[in-house]
Every structure is written in structure tokens, then in C-alpha cells.
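Residue numbers (our numbering), protein chains in the order written: chain A, 1 to 149; chain B, 150 to 350. A virtual CB, placed ideally from N, CA and C, is assigned to each residue, including glycine.
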Amino acid sequence: MTVTMKEVRAYLDQDEPDYDAAAKLGPDALPHLLLLVTEGESGLASKATYLAATIGGDQSLAPIEQAAASNDPVVRVAAAGALGRLQQMPTAITQVLLGDPDPGVRYLSLQALKIRYPVGFKAKVREISQSDPNVDIRAIAMELVPRLP
Amino acid sequence: MQFPLSLRAFIRAPTCPFSRCIRIHLKVLTSPTVAISNMLVRMRQVYQTADIGVEVTSRESLAGIPNFVGLNDLAVVPNCPSGATTNQQNQLFQNRNNVGANEIVVYFVRSLVPVLNGCASFPAGNPGAVVAQIASRWTTGHEVGHVLGLSHISGENAPACTTPDFARLMTGCGTGNITGIPTIVQAEIDTMRGSNLANPC
């Protein structure tokens, strides 16, 4: 099925997008989502990031990776929020987001780890629990460390 | 009195020119890209067609509240079903300084997870909505419309939105695409005016 940008926008322009319904557009929507993350304004880029994660699969990682590298903290926050939608946590992207200068991005990245407790993040989370400048983030990390493999 | 009011009619009105008013409190964690004052002007343009005034009763910065980081990028229940809220929403909606009974709080946050422009689900007894930084100029009016009992309009083939109606405030297809001043129909006006949050002025 060919998906058009117009169809993608019809979902993402909504004030309250239904991401599960939009995910039925399938992987053919992902090139459009990558374009929106790269070139769209804050709102569209962040919604496109979240939809990419909801569609899932290996191809969905490109928009999320792009979002994680955005200069716009709202888009990086969307990438961190999207991590929790993925069946498998992408190690490199997650490590980048856990070290983000924005505390909201770090907070949501830690929250995403609480969903599946994936392997490979214990050392980073321990470091956050000891040295993050934000007390709330240190508290979440501290709670998370013993539960991570 | 004929609505919508001209500026001259508004100025000459001896008292509040509306028969009903909603009282809203603004609590700001992050200011939206579209100025709040702009959103309020747009909201009033629409609400006055229902003979409802919009009174801003207070404005407060919530920059220093506990768990600011966790509430500024607020987790909400997907699709914002009425009455369904997350722990973070419950925590945010506890901030009700100066808020009286039957008054509405609009919280301005940086973002919502899932990514939404706004969300109008609220804990029982604490009516309000959250509006994200990415919101359109009509989002506050739209979300408060939900708080007053309005649903998205039918006939747009949502969620695919193949037949959107961007002339209506309660479009489910994106208030960012509205051009001109959107309308509310009589049934919506009746619902808004019948809400216990629309008080005599």
C-alpha cells in the first residue's frame, strides 16, 4: 500500500492524534515521518517521532535517531517518550538520550527503562543516580539501578 | 444583545455583556509557542457567539513545584478519555491555588506523552485541561470546550480525517488548520451553557 504525505498529515495535524490508529498506515509511512522529523516544525516533528515508534520495526529507528539528535528539546523529549513504545530498546539512541543536557529528556528516558528493564544500561543509570544535577532524576535512577540486569 | 459583539457594543455594555461566564485559572510550567494572550483572544471570539464570557481569574507560574521535570513533560492516557488520568496528571491537578468551585484550570506544559497539543481529561472534581507548547492558537478554546462537555464533531471520518471541517472549533482533525473564526453550533452551545462550569456572570 502506498501511503501519501497527505494521509500522514491528516493524522498528525490533529490536536489529539490517535497513534494506534495512525500506526495502521504501516512502514510505508516511515519515509514521510523521517522527512517531518528532519524538516518539520516542532509539533509535527515530535508527533512524527512518536508515530514512528508506534509503527515499530527496525526502519522506525531512523526517525527516532534523527529526533534524538535534534537541536529542539521538544523533539528530543518526543524521542525519549517514544522509547517506551519500542519492543526493543535501541542501545545507542537510548544512551544518547540518557546523557542529554535537558533534564526532561533524561527523565523520560529513565521512565522508558522502567517498562522492560533492558540489559546494558545499569552502569549508565548508576552514574546518573550518583551525579545527575536534578534530585528527581537521581531518585528515579536510584530506584532503577537494583532492578536493571 | 446581538452576538458576536462589536468592540463598540462591548465597551458600551453597562455590565458584563454575557449571561454566562467561565472562570479560568492559568498555571504555567512552560509558555506555549503561540502566546497565551493570543489563545485567549481566539477563545473569546468563539465563546462570545455562545453568549459565554471567558474570565481569567488568576495566573500563576508553577516553575518551582515539586517534580517539575516529571510534570512539564506530562504523561497522559492515550486519546485522553474522559475521567482517565495518570499519576502525573493527578499530581499536576493538585495545584489549585486560588481556584474556586466550578472553575477551570488550564495548565501549560512543555509537552505531553503521547505527543498531543492538549488533553482535557481531568481527575474527578478538579476540572481543567493541559495545553502543550506546540498547541495551535485554537487549542485552549478547543480543550476547554471538551471540559465543558463537547466532543469532536462527527462526519469528518476521523481518525483518518478524509472529510475534515476546519470551520468548526471542535474539529477532531486539527485546530491548526482552522482558517477564520471557527463556529460552534446550537447543540454545542446548549451543552456549554448547560455545564455547571458556565456560571451566571
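Check	Outcome
Contacts of Gln335(B) in chain A (Cβ-Cβ under 7 Å)	Within 7 Å Cβ-Cβ: nothing; Gln335(B) doesn't reach chain A, min ~23 Å.
Proximal residues to His295(B) (C-beta, below 6 Å), its chain only, five neighbours per side dropped	Ala269
Reduced DSSP category for Ala281(B) - H, G, I as helix; E, B as strand; rest coil	strand
Every unbroken alpha helix (DSSP H) within the segment 247-329 of chain B, with a cutoff of 4 residues, ordered by chain	288-296
Neighbour list for Asp136(A) in chain B, Cβ cutoff strictly below 7 Å	Asn216, Val218, Gly219
Simplified DSSP assignment, three categories, for Val334(B)	coil
Proximity below 8 Å, CB of Tyr107(A) to CB of Pro149(A)	no
DSSP beta-bridge partners of Asn348(B)	Cys170(B)
Under 7 Å by beta carbon: chain B residues contacting Val74(A)	Arg259, Ser260, Gln282, Ile283
Proximity below 8 Å, CB of Asn93(B) to CB of Val258(B)	Here chain B has residues from 150 to 350 only, and residue 93(B) is not among them.
Sequence-distant residues of its chain with Cβ nearer than 6 Å to Asn134(A) (five each side left out)	Pro103
Short Cβ contact (8 Å threshold) for Gly323(B) with Asp13(A)	yes
Same chain only: Cβ atoms within 6 Å of His32(A), ignoring 5 sequence neighbours per side	Met5, Val8
Separation of Leu241(B) from Val96(A), as counted between CA atoms	29 Å
Start-to-end residues for the alpha helix (DSSP H) that takes in Val75(A)	73-83
Between the CA atoms of Leu144(A) and Met319(B) - distance to the nearest angstrom	42 Å
Nearest to Lys122(A) (by Cα), restricted to the options Val75(A), Arg147(A), Ile115(A), Ile140(A)	Arg147(A)
Beta bridge counterpart(s) of Lys176(B) as assigned by DSSP	Glu209(B), Tyr256(B)
Interface residues of the segment 107-137 of chain A facing chain B [CB-CB below 7 Å]	Tyr107, Leu108, Asn134, Asp136, Ile137
For Asp58(A), three-class secondary structure by DSSP	helix
Inter-residue spacing [alpha-carbon to alpha-carbon] between Pro17(A) and Gly43(A)	12 Å
The segment 60-87 of chain A: positions lying closer than 9 Å to chain B by Cβ	Pro73, Val74, Val77, Ala78, Ala80, Gly81, Ala82, Gly84, Arg85
Whole-angstrom distance between Ala68(A) and Val75(A), CA atom to CA atom	7 Å
Alpha-carbon spacing of Val3(A) relative to Ala22(A), whole angstroms	11 Å
Beta-carbon proximity of Pro181(B) to Val255(B), cut-off 8 Å	no
Val225(B), DSSP secondary structure in three states	coil
Top-ranked residue by Cα proximity to Lys47(A), from Gln111(A), Asp20(A), Gly120(A), Asp100(A)	Asp20(A)
Contacts of Glu16(A) in chain B (Cβ-Cβ under 8 Å)	Asn228, Cys229, Leu265, Asn266, Gly267, Cys268, Gly321
At least 3 beta-carbon pairs within less than 8 Å: the segment 290-304 of chain B vs the segment 49-62 of chain A	no
Cβ shell of Glu337(B) (< 6 Å), same chain only, five flanking positions each side left out	Leu299
CA nearest to the CA of Pro215(B), picked from His174(B), Asp200(B), Leu178(B), Thr332(B)	Leu178(B)
Proximity to Asp262(B) [Cα-Cα], best of Thr234(B), Ala273(B), Ala224(B), Arg172(B)	The question names Asp, but residue 262(B) in the sequence shown is Val. Nearest C-alpha to Val262(B): Ala224(B).
In DSSP terms, what Val203(B) is bridged to	Ile171(B)
Cβ neighbour criterion (16 or more within 10 Å) applied to Ser260(B)	buried
Check whether Leu99(B) and Pro276(B) have beta carbons under 8 Å apart	Any property of residue 99(B) remains undetermined from this structure, which presents chain B solely from 150 to 350.
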